[in-house]
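Visitor: Residue numbers (the working numbering): 33 to 402. For every residue, glycine included, the Cβ atom is placed at its ideal position computed from N, Cα and C. Handing you a structure now.
Rendered as structure tokens:
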């Protein structure tokens with residue numbers, strides 16, 4: 033470890049510059065990565081569950097529902113033939129949107145009686161059809177329309193193509209609704225697993241960015257308080273951020289999407305990266321006393337804490353390697369990404385962190401009373 037310490041001191045400017053360039057490159061790669069989590073993301077495409085879902089989507093109309101609830105403040109509002117014809121036309125437009133597998137509503141139930149919505153019936157005929165459906169098939173009627181006909185819904189099915197494609201599809205559906213529905217006087221509201229999961233993932237991503245930023249601020253504040261040194265906190269920022277950026281940049285190399293499993297890894301990785309930094313910084317400050325130079329203190333610090341960090345990180349990687357044997361994709365993915373972060377954090381804490389300390393270590397001495 034003495035050779036490593038002397039190397040980092042000698043080439044400290046080059047090491048720090050290379051780390052900054054690497055961080056910029058990783059951020060550039062990461063900025064091109066899109067969050068794309070599926071409802072059934074826990075299974076690989078070759079898993080029987082994924083293959084069954086694919087068959088359902090291809091031959092049975094899909095299994096991921098998006099419900100459009102329609103309401104109107106008018107008694108028997110959706111039994112009006114002109115209004116219902118407009119809504120049935122809207123439904124056909126929605127089903128024709130790329131990304132919509134199928135759709136069904138009261139329009140389809142009425143059409144089964146022989147009604148052609150391209151040439152709508154008169155009001156008397158429609159009333160008679162509704163009377164027959166409600167009398168002889170009340171459960172089917174109740175599935176799509178309320179008794180007072182002031183509420184109805186269109187049930188859609190979308191493929192489990194991931195967050196990004198689902199969001200694009202739902203935006204097109206919303207555009208179609210906004211362009212046609214106001215003329216009918218009705219109001220629309222989305223619900224269903226397909227919509228709620230997409231909306232939830234959107235909020236999830238927003239919370240992720242703010243949470244990671246908050247976590248870094250809290251960690252920085254804790255380091256300031258723990259070390260009672262502003263510079264000790266500053267020197268830990270880059271070694272803690274870079275491993276996460278590198279792991280994020282490795283996602284395309286591994287063929288992974290940025291999804292909920294990846295987010296879980298980042299929450300674990302923050303603590304792992306900080307742990308290494310604390311050991312090196314604290315040991316350096318303890319050794320940087322009296323007549324010792326920054327380089328001498330770094331040599332002693334890496335000789336003791338450096339070896340301990342290497343051993344503990346290698347043991348962590350060995351333990352996590354067991355996860356690679358799992359057939360359950362999220363588990364094996366946690367193993368791969370966490371090991372990547374640990375490996376990156378290990379190299380950075382042994383090479384980059386001492387190089388940073390070589391620059392500003394003279395400002396990191398412990399107070400005299402300690």
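Indicate the three-state DSSP secondary structure (helix, strand or coil) for residue 185 in the structure shown.
Guide: strand
Visitor: Measure how close the beta-carbons of residue 226 and residue 98 come, nearest whole angstrom, since I'm counting them as under 8 Å.
Guide: 4 Å
Visitor: Assuming residue 377 contacts residue 304 (C-beta within less than 8 Å), just tell me the rounded distance between them.
Guide: Between the beta-carbon of residue 377 and that of residue 304 there is about 6 Å, and that keeps the pair under the 8 Å contact cut.
Visitor: Around the C-beta of residue 177, are 16 or more other C-beta atoms found within 10 angstroms, so that it is buried, or is it exposed?
Guide: buried
Visitor: Hey, would you say the C-beta of residue 375 is under 7 Å away from at least one heavy atom of the ligand GTP?
Guide: Ligands displayed in this structure: none; no statement on the ligand GTP is therefore possible.
Visitor: Need the endpoints of the beta strand (DSSP E) that residue 17 sits in, please.
Guide: Residue coverage of the chain in this structure runs from 33 to 402, which leaves residue 17 outside it and unanswerable.
Visitor: Over the uninterrupted alpha helix (DSSP H) stretch that includes residue 265, give me the two end residues.
Guide: The continuous alpha helix (DSSP H) containing residue 265 extends over residues 262-267.
Visitor: Mapping DSSP to helix, strand and coil, what is residue 97?
Guide: strand
Visitor: Check for me: the beta strand (DSSP E) holding residue 135 runs from which residue to which?
Guide: 134-136
Visitor: Buried or exposed, going by whether 16 or more other CB atoms sit within 10 Å of the CB of residue 242?
Guide: Label assigned to residue 242: exposed.
Visitor: In chain order, what residues of the same chain lie with their CB nearer than 7 Å to the CB of residue 381, ignoring the 5 residues before and after it?
Guide: Excluding positions up to five away in sequence, the list reads 271, 308, 309, 312, 341.
Visitor: By DSSP, does residue 158 sit in helix, in strand, or in coil?
Guide: helix
Visitor: Which of the three DSSP states is assigned to residue 396 in this structure?
Guide: coil
Visitor: Determine, using beta carbons only, whether residue 383 and residue 53 come nearer to each other than 8 Å.
Guide: For residue 383 and residue 53, no; Cβs fall outside 8 Å.
Visitor: Which of the three DSSP states, helix, strand or coil, is assigned to residue 374?
Guide: helix
Visitor: Using the beta-carbon count (16 or more within 10 Å), is residue 356 buried or exposed?
Guide: exposed
Visitor: Return the CA-CA distance between residue 57 and residue 278, expressed in angstroms with no decimal places.
Guide: 9 Å
Visitor: Can you give, in chain order, each stretch of the beta strand (DSSP E) that sits fully within the region 319-360 and has at least 3 residues?
Guide: none
Visitor: Short check: CB of residue 394 to CB of residue 332, under 8 Å?
Guide: no
Visitor: Below 8 Å on the Cβ atoms is my contact criterion, and I expect residue 33 with residue 335 to pass it. Report the Cβ-Cβ distance as a whole number of Å.
Guide: 5 Å
Visitor: Using alpha carbons as the reference points, say which of 201, 100, 122 lies closest to residue 185.
Guide: 100
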